[in-house]
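For the record, the sequence lines run as chains A and B. Mapping of the first sequence onto our numbering: residues 15 to 101, in sequence order. Mapping of the second sequence onto our numbering: residues 15 to 101, in sequence order. Where is the CB? At the ideal position from N, CA and C, for every residue including glycine. To keep things clear, I will list the structure first and then write my remarks on it.
There are 2 protein chains.
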Amino acid sequence: MSLAQIRYFVAVAEERNVGRAARRLHVAQPPISRQIRSLEEELGSPLFRRTPRGMDLLPAGEVFLEHARGILVAVEVATDATRRAGS
Amino acid sequence: MSLAQIRYFVAVAEERNVGRAARRLHVAQPPISRQIRSLEEELGSPLFRRTPRGMDLLPAGEVFLEHARGILVAVEVATDATRRAGS
DNA sequence: CGCGTCCAATACCCTTTCGATCTGAGCCGG
DNA sequence: CCGGCTCAGATCGAAAGGGTATTGGACGCG
């Protein structure tokens, strides 16, 4: 699992759409699709239901989403605090 | 910043020694050194003082260490909770 | 009914990143 | 001094990651 995967996941969960998430993150669509799939494999359970109109969060996805947001915030807080301590 | 870098950092901080951290993580020593350096550059401040006998945590490093441990725990918790929700 | 549209997934290539090995430089103890 | 630590640097091969182009499925509209 990588922080990029977590960021991709949060964007897709919020946009409910891989293409929009990709544009928001300034990356192409296929990398996002692949990373989401890889994340699901690593976690051992699907996070989204694929529909012709986008991606619907599954229960496991909702659980992961809450934690994922916390992780990203924690990384940002750690970065800021360390920069502040270092200068 | 990657989760691997955070794991490397925590190991080095705890061992106060790059070589021991490398053995503990089952990777070679130079990759650890490089990732630590890259992390310091990204954070904008040194985290360790290099000595002929090992690595001493600087104040910025101590700050980052506390946050880093929390991030790794959060990743583990997120993983477990999601696995549990998915099965 | 097609046909155009919108979606995610796949195939393929290329660049970048990452780790392993080997080597070097600095310091300390015997 | 010399032998054994330490971390850092150079080089190489493998793996990962992103981009473009394309496919395939589902819907809606004429």
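With fewer than 16 neighbouring CB atoms inside 10 Å of its own CB, E56 (chain B) falls in the exposed class. No Cβ-Cβ contact shorter than 8 Å links A99 (chain B) with A27 (chain A).
Here A25 (chain A) is not near A18 (chain A), since their CB atoms are 8 Å or more apart. Nearest Cα to R51 (chain B) within the set B:R83, B:S16, B:E80 and B:V91: B:S16. Flagged as an interface residue toward chain A: S59 (chain B), by a C-beta distance shorter than 8 Å.
Contact annotation: F62 (chain A) and L71 (chain A) have beta-carbon atoms nearer than 8 Å.
In terms of CA proximity to R67 (chain A), A:G33 leads the group A:A92, A:G33, A:R97 and A:H40.
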